[in-house]
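Just so it is clear: in the sequence shown, position 32 is 19 by this note's numbering, and no numbers are missing.
Report on the following structure.
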Amino acid sequence: MYPFYLGIDLHLKRTYMVLMNAKGDLIEKERISNQEIREYLQEKVPQETYAVLEATRNWPFMYDLLNEHVQQVDLVHAKGCGQ
-12 MYPFYLGIDL HLKRTYMVLM NAKGDLIEKE RISNQEIREY LQEKVPQETY AVLEATRNWP
48 FMYDLLNEHV QQVDLVHAKG CGQ
């Protein structure tokens, strides 16, 4: 179990991020431009975070960026995620 979880909905120009703690409490949800992602990760996302990234056509740059900032990154297909 990780102390923090980050869900990422990546688009071409903007990205929606949701950060939660291990209890499921919402810490922050933010829609940011893709040019601000690195700064957002550095300032607001703890290193002890498990991140889940939707598999889109532009996922590789985000995966590499997340790998520099968080403990674990997984790539998922939106249709394969149950709610």
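For each residue, glycine too, the CB sits at the ideal point set by N, CA and C.
Cα-Cα separation, residue i to residue j
i: L(-3); j: A9; result: 23 Å
i: E41; j: V63; result: 5 Å
i: I54; j: T36; result: Before going on, a small fix: residue 54 reads as Asn here, not Ile. Cα-Cα distance, rounded: 10 Å.
i: G11; j: H56; result: 21 Å
i: E23; j: A65; result: 24 Å
Sub-8 Å separation of residue i and residue j beta-carbons
i: M7; j: Y27; result: no
i: L52; j: R18; result: no
i: R1; j: S20; result: yes
i: M49; j: I(-5); result: yes
Own chain residues within Cβ distance below 6 Å of residue i, not counting five before or after
i: P33; result: F(-9)
i: Q59; result: Y37
i: D61; result: V39
Cβ neighbour criterion (16 or more within 10 Å) applied to residue i
i: A38; result: buried
i: M(-12); result: exposed
i: L(-1); result: exposed
i: L(-7); result: buried
Where the alpha helix (DSSP H) containing residue i begins and where it ends
i: E55; result: W46 to H56
i: E26; result: I24 to K31
The beta strand (DSSP E) enclosing residue i, as first and last residue numbers
i: D61; result: Q59 to V63
i: K16; result: L13 to S20
Same chain, Cβ closer than 8 Å to residue i, five either side skipped, listed in chain order
i: Q29; result: H56
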